[in-house]
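Residue numbers (my numbering): 44 to 411.
Glycine residues also receive a C-beta, built at the ideal position from the N, C-alpha and C atoms.
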Amino acid sequence: MLSPGPQLLRGELILLIWLLCALLLPLLAACAPAKLPPVMKIGLVAPFEGRYRYIGYDAIYAARLAVREINVQGGVNGRYLELVAYDDRGSPELARIAARNLAVDPAVVAVIGHYRQESTAAVQELYVAAQLPLLAVGAYLTRTSPYLWSLMPDPAEMATELVAASPANTHLAALWGAGPLADALRESLNAANYRLVPAISPQQAPPPPETLFSLLPPQETGARWANWRAAGGTGCLIGGLELAGTAFAEIAAPQRGEEVYFITPYPLPEDLPGTEEWVAAYRAVGPHVPPPGPYALPTYEALYLLAAALTAGPENFVATLSHVTRNGFLGEIAQNARGCWATPTLYHYRWLPTKKRELLVAGLSAPQ
């Protein structure tokens, strides 16, 4: 007969292994990494390269700061936010690609973008079709939808403010640019008894314009204004948000005595009281972060606005977004019936010969 000794030893060995596994399993479970909470993604589409990259720099650091602060506070209902950034360079074609990429990601709950009128107009229908909310910064929308919100003043209200900034006793005006704001500006100029004339040359007939309104990018406005001045042209130049871009001053080099103004709902953060700590936190987001420009605060506030709406839960997010209110550095942010910012403060700036932007006045616009 075979000896049972080796079989018993083998059985004891197997039993010993099972006992060791039973003892080690709790320890292994304790050492395993904690399960991360689910995330909700926020898309950010802006021009990070090319001639409009200054917009993207403002946006990305402000968005990162807001996401970091929200997540440190526990996220939204225990779920962290994650930023998904795309560079569209201000191009309608690249904007469509970015929008499609965001639309197919089920974790993306909303998008902030596209900061340029042309790129924003190219994608609004894509977001509506995908039922993905777009909070448009720096651009107007050409239709209303529960999925679209423009963080800009109503075009008619903005146009009225631009016309009111024109010097007294002027009645001849030229308009550079197109789009929803340009259409509203034409109506406001007509209502104020202005006559629109082309800005061809200072020696043109009929008489040249006394006030030039520009809604073009800062580079184009700068080149046109420099050419107008070189030909002997005078008058006042007034623009909107676009004219805040430093590229204008680099090209046009404002001269002493010139009247060059822009009106914007997005002030330079340094011009608002109580923003010192925020500016320091913004510049601490990464190495070599430049001072925040005009697109920084609206991007930051847009993140918090979305987070506030998301507290109602993903299933109620879209319905809540149209009614949510945010009170922050830019005052009260809420949506009006036309999908625009209901009660923005409009800031009047002047370009100085030193290529600095001087805040003249901040006026609260009328509720819509």
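- Remark: three or more beta-carbon pairs, one from each stretch, lie closer than 8 Å, so the stretch 308 to 325 and the stretch 388 to 403 are flagged as touching.
- Check the Cα spacing between Pro-223 and each of Gly-278, Gly-121, Thr-368, Thr-163: the tightest is with Thr-163.
- Within the stretch 226 to 313, the runs of beta strand (DSSP E) that reach at least 3 residues and sit entirely inside it are, in chain order, 254 to 257, 279 to 282, 302 to 307.
- The stretch 120 to 133 and the stretch 82 to 90 touch, with three or more beta-carbon pairs separated by less than 8 Å.
- The beta-bridge partner set that DSSP reports for Trp-394 consists of Arg-400.
- In this structure the stretch 188 to 200 does not touch the stretch 239 to 256; the number of beta carbon pairs closer than 8 Å is below three.
- Take Gly-382, set aside five residues on each side of it, and the residues of its chain with a beta-carbon closer than 7 Å to its own are Leu-184, Thr-187, Leu-191, Trp-192, Ser-193, in chain order.
- A straight-line Cα-Cα distance of about 15 Å links Asp-130 and Arg-107.
- Taking 8 Å as the cut-off, the Cβ atoms of Ile-306 and Gly-283 count as close.
- Per DSSP, reduced to three states, the secondary structure at Pro-196 is strand.
- With respect to Leu-137, Val-154 sits apart: the two C-beta atoms are not nearer than 8 Å.
- For the 8 Å CB-CB criterion, Gly-336 and Tyr-158 do not form a contact.
- Contact between the stretch 209 to 221 and the stretch 259 to 272 is present: three or more C-beta pairs spanning the two stretches fall below 8 Å.
- Your pair Ala-345 and Val-180 checks out as a contact, with CB atoms roughly 6 Å apart and the cut at 8 Å.
- Restricting attention to Pro-135, Val-166, Ala-165, Ala-173, the CA atom closest to the CA of Pro-149 is found in Ala-173.
- In this structure, the CA atom of Thr-213 is about 34 Å from the CA atom of Arg-94.
- For a cut-off of 8 Å, the C-beta gap from Leu-228 to Ala-211 is around 18 Å, too long to register as a contact.
- If the five residues before and after Glu-161 are omitted, its C-beta is found closer than 6 Å to the C-beta atoms of Pro-135, all from its own chain and listed in chain order.
- By the neighbour-count criterion, in which 16 or more other beta carbons inside 10 Å mark a residue as buried, Val-151 falls on the buried side.
- Ranking Glu-320, Ala-405, Gln-298 by CA distance to the CA of Thr-397 puts Gln-298 first.
- Sixteen is the threshold: since fewer than 16 other Cβ atoms of the shown chains lie within 10 Å of the Cβ of Leu-403, the residue is exposed.
- Of Phe-91, Arg-111, Ala-141, the smallest CA-CA separation from Tyr-343 is found for Arg-111.
- In the three-state reduction of the DSSP assignment, Val-328 falls in the coil class, being assigned neither a helical nor a strand state.
- Contact annotation: Leu-348 and Ile-376 have beta-carbon atoms nearer than 8 Å.
- Between Thr-254 and Ile-294, the beta carbon gap of about 20 Å keeps them out of contact (Cβ cut-off 8 Å).
- The beta carbon of Ala-235 lies closer than 6 Å to those of Val-206 in the same chain, with the five residues before and after it left out.
- For Glu-92, the CB contacts under 7 Å within the same chain, skipping 5 residues up- and downstream, are Asp-130, Arg-132 in chain order.
- Nearest C-alpha to Pro-252 among Pro-341, Ala-327, Leu-232: Leu-232.
- Runs of the alpha helix (DSSP H) spanning 4 or more residues and lying entirely within the stretch 133 to 169 occur at 135 to 146, in chain order.
- Around the CB of Thr-368, fewer than 16 other CB atoms lie within 10 Å, so the residue is classed as exposed.
- In the three-state reduction of the DSSP assignment, Tyr-97 falls in the helix class, which pools H, G and I.
- At least 8 Å separates the beta-carbon of Gly-156 from that of Ala-105.
- In this structure, the beta-carbon distance from Leu-286 to Leu-340 does not fall below 8 Å.
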